[in-house]
Amino acid sequence: MNEKLVKKLVIFGSSYTGKTYIASKFKEIQYNSYIETIGIDLNVVKFTTLPLLAHIPGKMLIFDTGYDFRDRSHSTHYRHAAIVLIVFSFSDMYSFQQCKVYAKKALYHSSYSKEKAQIFLIGNRFGVKKEVVSVDEAVDFAQFNNFQFFELNSSNFEQLKTLVQKNILKMFEFIKI
């Protein structure tokens, strides 16, 4: 398979923000309860390119990172990422504050890549009983960093999936075969 048809998606965020759930939904794996990710979990999703590219098969490598207090560098995970999802919970201010750390690293590593990563800030509403982060705060942060913002809830995951897939497929529009 042509290496250009393999794209890397990396999911970062604090513990209990829904990173593994998001990764499992992309892979369409049944997800029933909290599973702690230790280190990194890799999923491979196959897809077909746009008609302009003769429906050539491609792969999206999904890196679901575990939140580790001892090692927040994750530098190797950021490198060559086509899409970075930075996830926080609307019920956890600390998870939102940590987005600044992930954003800084994503922007830094993206600036040294051949192609800039598309970076999404994902505000997760699953299980939110009391909101401590406002949508306005999240939107302001996303706009300041030139990220796309997406508010995730139990009924709109397919919209996020479609948005990410469209961004990945757009990256293939310029490939010469």
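FYI, the numbering for the sequence shown is 967 to 1143, going by the numbering used here.
Note that beta-carbon positions come from the ideal geometry of N, C-alpha and C, so glycine has one too.
In the three-state reduction of the DSSP assignment, N1112 falls in the coil class. In the assembly as shown, S1120 is an exposed residue. Its beta-carbon has fewer than 16 other beta-carbons within 10 Å.
If the five residues before and after K1096 are omitted, its C-beta is found closer than 7 Å to the C-beta atoms of S1057, all from its own chain and listed in chain order. In this chain, the beta strand (DSSP E) harbouring V1053 covers 1049 to 1055. With fewer than 16 other Cβ atoms inside 10 Å of its own Cβ, V1101 counts as exposed.
Taking the C-beta atoms as reference points, F1054 is found nearer than 8 Å to T983. The beta carbon of I1085 sits closer than 6 Å to those of V1050, A1072, F1113, all from its chain and outside the five residues before and after it, given in chain order.
The beta carbon of A1108 sits closer than 6 Å to the beta carbons of L1087, F1115 from its chain, once the five residues preceding and following it are set aside; these are given in chain order. Between the alpha carbons of L1027 and V1098 lies a gap of roughly 33 Å. In the three-state reduction of the DSSP assignment, F978 falls in the strand class, which pools E and B. In the three-state reduction of the DSSP assignment, V1130 falls in the helix class, which pools H, G and I. Here F1092 carries a coil assignment [DSSP, helix/strand/coil].
In this structure, L1118 sits near R1091, with a CB-CB distance shorter than 8 Å.
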